[in-house]
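Let me begin by presenting the structure, written as structure tokens, before commenting on it.
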């Protein structure tokens, strides 16, 4: 197995183990005060860098800019979309976003709210956002719009700090089904 692929696989295993621990301790679907204490944040600069990544995703989605949206996605990253389709690598991530920005999500607007940022290990961040995509005329098969006409998802991104930069190594998006409680701030 090539080093880059093995390294991404090991990072993903670590992240999935961390997510599993968080999920098991919180009852699987909601946050609770019984959740394990995360490792303290690397630094305020790391927090700001992660917020900039989310801000960039919002800005570039709203412009239909696939290359800009993919800027922080790792060359060896993996991606699962809301339909359960899996993609491997940066080029596939860019290509898929180019397809959706020219097709089904053309002219839509993305709003993301950060629900969780955790640093389970030094140099690893788990970032969960609650998203709303506005202006969807025809949602993907099996996906429903909420009462306000928005497509809602929970997006989990696993980021790894490499060479001083945070990169998304795993991007997993799932639609929020009708009747599911969504936290609001």
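In the numbering used here, the protein residues as written are 492 to 676. Cβ coordinates follow ideal geometry from the N, Cα and C atoms, glycine included. Quantities reported herein were computed from a predicted structural model and do not represent experimental measurements.
Point to revise | Closest Cα partner of residue 543 within the set 643, 563, 629 | key: Of the candidates 643, 563, 629, 563 places its Cα closest to the Cα of residue 543.
Review point. CB residue 624 to CB residue 596, shorter than 8 Å?
Key: Yes; because the gap between Cβ atoms is below 8 Å, this pair is in contact.
Check your understanding: If you drop the 5 nearest sequence neighbours on each side, which residues of the same chain put their C-beta closer than 7 Å to that of residue 540?
Key -> Within the same chain, residue 540 has close Cβ partners 657.
Review point. Which one or two residues does DSSP pair with residue 660 in a beta bridge?
Key: DSSP lists no partner for residue 660.
Check your understanding: Roughly how far, in whole angstroms, is the beta-carbon of residue 684 from the beta-carbon of residue 568, given that I think they are within contact range, below 8 Å?
Key -> Any answer about residue 684 is impossible in this case: the structure gives the chain only from 492 up to 676.
**Study point:** Counted within 10 angstroms of its Cβ, other Cβ atoms place residue 574 as buried (16 or more) or exposed
**Key:** By the neighbour-count rule (16 or more Cβ atoms within 10 Å), residue 574 is not buried but exposed.
Check your understanding: Are the stretch 643-651 and the stretch 662-673 touching by the rule of at least three beta carbon pairs closer than 8 Å?
Key -> Output reads yes: the stretch 662-673 touches the stretch 643-651.
Exercise for review: For the beta strand (DSSP E) containing residue 611, list its first residue and its last residue.
Suggested key: Note, residue 611: beta strand (DSSP E), 600-612.
Review point. Can you give the Cα-Cα distance for residue 556 and residue 594, rounded to whole angstroms?
Key: When the Cα atoms are used, residue 556 and residue 594 turn out to be separated by approximately 13 Å.
Check your understanding: Any heavy atom of the ligand NAD within a distance shorter than 7 Å of the CB on residue 567?
Key -> The ligand NAD is absent from the structure shown, which contains no ligand whatsoever.
Check your understanding: Just reading off the beta strand (DSSP E) that residue 579 is part of, what are its end residues?
Key -> Start and end: 577-579.
Exercise for review: Spell out the partners DSSP gives residue 543 in its beta bridges.
Suggested key: Looking at the DSSP assignment, residue 543 forms no beta bridge with any residue, so it has no partner.
Review point. Residue range of the beta strand (DSSP E) that residue 623 falls in?
Key: Secondary structure note for residue 623: its beta strand (DSSP E) is the uninterrupted segment 615-625.
Check your understanding: Taking three-plus beta-carbon pairs below 8 Å as touching, is the stretch 572-586 in contact with the stretch 604-616?
Key -> No, they do not touch.
Review point. With C-beta atoms as the reference, is residue 615 less than 8 Å away from residue 651?
Key: Their beta carbons are under 8 Å apart, which means residue 615 touches residue 651 by this criterion.
**Study point:** Continuous alpha helix (DSSP H) stretch holding residue 557: start and end
**Key:** From DSSP, the alpha helix (DSSP H) with residue 557 extends over 557-560.
Check your understanding: Buried or exposed: residue 561, going by 16 or more other Cβ atoms within 10 Å of its Cβ?
Key -> Answer is buried; the Cβ neighbour count reaches 16.
Exercise for review: Just grab the DSSP bridge partners of residue 569 for me.
Suggested key: Per DSSP, 579, 661.
**Study point:** Supposed contact pair residue 622 and residue 605 - C-beta distance, whole angstroms, cut 8 Å
**Key:** Residue 605 to residue 622, Cβ: 10 Å. No contact.
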